[in-house]
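Asks: Can you read through this structure? Questions will come right after.
Protein chains: 2
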Amino acid sequence: MNFTVIAQDPACAARLGKIGTPHGEVLTPVFMPVGTQGTVKTLTPEQVAGLGAQIILGNTYHLYLRPGHRLIQQLGGLHRFMNWHGPILTDSGGFQIYSLGALRTITEEGAHFQSHIDGSRHFLSPESAVEIQEALGSDIMMCLDECLSYPAERDEIEKSLARTARWALRCKESRRREGSALFGIVQGGVYPDLRQRSVESLTEIGFDGYALGGLSVGEPKEKMLESLAAAAPLLPSSRPRYLMGVGTPEDLVEGVYRGIDMFDCVMPTRSARNGLLFTNGQKVVIKNARYREDGSPIDSTCDCYTCRNYSRAYLRHLYVAGEILAMVLNTIHNLRYYLRLMERIRDAVRDGRYSDFRRRFLEEQKAADVGREVSAGPA
Amino acid sequence: MNFTVIAQDPACAARLGKIGTPHGEVLTPVFMPVGTQGTVKTLTPEQVAGLGAQIILGNTYHLYLRPGHRLIQQLGGLHRFMNWHGPILTDSGGFQIYSLGALRTITEEGAHFQSHIDGSRHFLSPESAVEIQEALGSDIMMCLDECLSYPAERDEIEKSLARTARWALRCKESRRREGSALFGIVQGGVYPDLRQRSVESLTEIGFDGYALGGLSVGEPKEKMLESLAAAAPLLPSSRPRYLMGVGTPEDLVEGVYRGIDMFDCVMPTRSARNGLLFTNGQKVVIKNARYREDGSPIDSTCDCYTCRNYSRAYLRHLYVAGEILAMVLNTIHNLRYYLRLMERIRDAVRDGRYSDFRRRFLEEQKAADVGREVSAGPA
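Chains as they are written, first to last, in my numbering: chain A, 969 to 1347; chain B, 969 to 1347.
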């Protein structure tokens, strides 16, 4: 994997970059749609690529449990299995395991956990996390990290980031396969000095890229942005910086402003399936009665297939009637909204006007929020 | 609407034809995918057209209840509402109402019924059935008929087909809109003389096409084929003949052999959503464990998107994991199977070798059935 910074915004940390992978190049800042179980939910890979997705994310935890990484490897790897021929980043499985709560135990050796599907017992170590990701044929792998929930005590965080560094080294040393990049994950909660310490121990080992972990895990939005502002500048500028599991459109705009290159989040796809549609102005809750006779598209400025061909009235009808096509069309719109936002972000960085872009975007969002409060009648 | 017979098979009643509609031509024999609630379930209209669908069916009962024919009319008609630009045939709503059982009462005036959605009370007459279909902008409308379940007494059937003829006349007389064709529906159960009487009363009124109703309503397969063989030759050869709600691939082959031009059925789409996939050999129940590691496509002779890009193992994984893409990919395959079968049927009729085609097809199906019995082990 290689990474080149193409342009650096003169007035903030935003930058335009290019990541080279065995399955093609990725322009950054980039948003990665989430393909949890070997599919970006509801869409064919051609539809996903057609929306402008350059790279997608696969979930190691889910694919390990079902259908199993060995089976996927035997059938030619994840790219072939799911018919996605662009780059794939895989997470380490750690985050899902931490989410299991009572069903897991963490030791220095690794994580013991029970499957959410059938309760069967499993063990994930730094070594097996890499082994699984290599079997999947991942382009960009993530180290297994220990992820604490918010709030956590300072001494807990200290212990955890030390363990995360030891695990990161074990991950790096267990690599067997050429071609897959490996990213380290910086922990440290909301403490800048702990973030600094985590960055130092990881850069000493040396990784192809660095992710900020332990953000967007329940802390207030201001805390998240504060921690991000403190932690992002600590990451080496010569490597891609990845803000895991984030976030809202505003979060993406704020993240890029602070120098983040990569994002992933289930928000656009999950919201779509729940009938919540993104626009530059208000968020559209498509089931609302106010859209019953609305012949206009979700967003008249959107260039997506859904907005070019369907009315809000039709989308509301499909949603209310429980039709699967509702989820497909909504997912197309929301993903396109996110991916088009990233295109606009990259254009702004390329032109050296990102600070201005950010300011206007946040103002527009705020105005739309106020407008929504004013216009919110019975729906 | 116009209809031209292009070729007549020399050895049986099969024929190749062409129906002209305001939204384009339809080559017959044709299979019409069912778009119950304004969507062929799970697929975009472009996907449906790409599979070779020439015309789809819309359900008057469902669209009348939700979102309402007036709303669809106000938004430019059903074609625009659902973004399908080819021909649409609409049923009369009658069949769905008969299926409601205790929730409906039939009088000479029409059908009183309760909505399956909210229990609200409604009334459908021959006149309103046409009014609704005209509001939808249907290319081919169906008369409201009285449909008895099987078995029914001869005198019941006699009364019913007389009413069906009176209703058909009322339907014809209530037409207001140019461009929509109207088909009559022949009843008469399994009695050839009653079928004859029904045909006579309908042809006297005169319709753009004729459908065989009251078949495939619970009678044994042999009875259905027997009634079909007796009734089909009675229909005027200068008009399209439509066998409603039928059926299996074998039924289509047998129907064409007896002179049927048009078919519709939910079987390919509904089976797909339940993981039952059609092939020329055995039917594939995709969730079976035997497909867990199967790297081959559903059907290696199939030219569909699903078979060109995905393994049975992947499709099984999606299905077992409850992924929506499973339903999309399965629907693509099953619809393509049906539509490709119709292409092969039309080719065989064009070449005057349909009897031979039918014999081989039925032999292959029989062999596959026997093979299935022999090979059926634990799955």
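Here a beta-carbon is modelled for each residue, glycine too, at the ideal position from N, C-alpha and C.
#1: Just grab the DSSP bridge partners of Met1109 (chain A) for me.
#2: Going by alpha carbons, who is nearest to Arg1321 (chain A) out of A:Ala1281, A:Ser1264, A:Asn1242 and A:Val1224?
#3: Got a sec? Which residues, its chain only, sit under 6 angstroms from Ile1313 (chain B) by beta carbon, not counting five neighbours each side?
#4: Rounded to whole angstroms, how far is the Cβ of Leu1373 (chain B) from the Cβ of Phe1049 (chain B), which I believe are closer than 8 angstroms?
#5: Going by DSSP in three states, Val1252 (chain A) sits in which element: helix, strand or coil?
#6: Here's the rule I'm using: 16 or more other beta-carbon atoms within 10 Å means buried, otherwise exposed. How should Arg1089 (chain A) be labelled?
#7: Could you tell me the alpha carbon to alpha carbon distance between Arg1326 (chain B) and Val1167 (chain B), rounded to whole angstroms?
#8: Buried or exposed, going by whether 16 or more other CB atoms sit within 10 Å of the CB of Tyr1298 (chain A)?
#9: Confirm, please, whether the CB-CB distance from Gly1026 (chain B) to Gly1061 (chain B) is below 8 angstroms.
#10: Pop quiz: Pro1001 (chain A) and Val1008 (chain A) are said to be a contact at Cβ under 8 angstroms. What is the actual Cβ separation, rounded to whole angstroms?
#11: Which residues mark the beginning and the end of the beta strand (DSSP E) in which Val970 (chain A) is found?
#12: For a quick check, are the C-beta atoms of Val1253 (chain A) and Leu1244 (chain A) less than 8 angstroms apart?
#13: Assuming contact is defined by CB atoms lying nearer than 8 angstroms, are Ile1125 (chain A) and Leu1116 (chain A) in contact in what I supplied?
#14: Mind checking which residues open and close the beta strand (DSSP E) that includes Thr989 (chain A)?
#15: So is Thr1075 (chain B) buried or exposed if we call it buried at 16+ other beta carbons inside 10 Å?
#16: Along the segment 1277-1289 of chain B, what residues have a CB closer than 9 angstroms to any CB found in chain A?
#17: Identify, in the order they occur along the chain, each residue of the same chain with its Cβ nearer than 7 angstroms to the Cβ of Arg1284 (chain B), setting aside the five sequence neighbours on each side.
#18: Which bits of chain B does Leu1043 (chain A) rub up against, with CB to CB less than 7 angstroms?
#19: Would you check if the distance between the CB atom of Leu1309 (chain A) and the CB atom of Leu1220 (chain A) is smaller than 8 angstroms?
#20: Thinking just about the alpha-carbon of each residue, which of B:Arg1165, B:Ile1024, B:Pro1188 and B:Met1192 is nearest to the one in Leu1203 (chain B)?
#21: Considering only residues of the same chain and omitting the five flanking positions on each side of Arg1328 (chain B), which have a CB-CB separation below 6 angstroms?
#22: Just the C-alpha distance for Arg1226 (chain A) and Tyr1278 (chain A), rounded to the nearest angstrom, thanks.
#23: If we count the other Cβ atoms within 10 Å of its Cβ and call it buried at 16 or more, is Asn1051 (chain B) buried or exposed?
#24: Nearest to Pro978 (chain B) by alpha carbon, out of B:Thr1171, B:Ala1335, B:Ser1323 and B:Lys1334?
#25: Under a three-way DSSP split, which group does Glu1331 (chain B) fall into?
#26: Taking only beta-carbon positions, decide if Gly988 (chain B) is within less than 8 angstroms of chain A.
#27: So what does DSSP say about Leu1434 (chain B), is it helix, strand or coil?
#28: What does a CB cutoff of less than 6 angstroms around Val1185 (chain A) pick up in its chain, not counting 5 residues either side in sequence?
#29: For the segment 1075-1085 of chain A against the segment 1017-1026 of chain A, do three or more pairs of beta-carbon atoms, one drawn from each stretch, fall closer than 8 angstroms, so that the two count as touching?
#30: Under 8 angstroms between C-beta atoms, does Lys1009 (chain B) make it to chain A?
#31: Please give me, in chain order, every unbroken run of the alpha helix (DSSP H) with length at least 4 that falls completely inside the segment 1073-1104 of chain A.
#32: Just the Cα atoms here: how many angstroms apart are Gln1333 (chain A) and Lys1189 (chain A)?
#33: For chain A, find out if any of its Cβ atoms is closer than 8 angstroms to the Cβ of Pro1094 (chain B); answer yes or no.
#34: State the DSSP-derived secondary structure class of Ile1024 (chain A), mapped to helix, strand or coil.
#35: Which one of A:Arg1144, A:Phe1246, A:Gly1182 and A:Phe1231 has the shortest CA to CA distance from Leu1348 (chain A)?
#36: Within 10 angstroms of the Cβ of Ala1070 (chain B), are there 16 or more other Cβ atoms? Answer buried if so, exposed if not.
Replies: Reading it off the structure:
#1: A:Thr1058 and A:Leu1150
#2: A:Val1224
#3: Pro997 and Val1224
#4: This structure cannot settle anything about residue 1373 (chain B), because the visible part of chain B is limited to 969 through 1347.
#5: strand
#6: exposed
#7: 27 angstroms
#8: The question names Tyr, but residue 1298 (chain A) is Asn in the sequence shown. By the 10 Å Cβ count, Asn1298 (chain A) comes out buried.
#9: no
#10: 5 angstroms
#11: What sits at residue 970 (chain A) in the sequence shown is Asn, not Val. Its beta strand (DSSP E) spans residues Asn970 to Gln976.
#12: yes
#13: yes
#14: Arg983 to Thr989
#15: exposed
#16: Asn1277, Tyr1278, Ser1279, Ala1281, Tyr1282, Arg1284, His1285, Leu1286, Val1288 and Ala1289
#17: Ile1254, Lys1255, Tyr1259 and Arg1260
#18: Gly1263, Ser1279 and Ala1281
#19: yes
#20: B:Arg1165
#21: none
#22: 37 angstroms
#23: buried
#24: B:Ser1323
#25: helix
#26: no
#27: An answer regarding residue 1434 (chain B) cannot be provided, because it is not within the stretch 969 to 1347 covered by chain B.
#28: Ser1117 and Tyr1118
#29: no
#30: yes
#31: 1094-1104
#32: 15 angstroms
#33: no
#34: strand
#35: Because chain A is modelled from 969 through 1347, residue 1348 (chain A) falls outside the range shown and cannot be assessed.
#36: exposed
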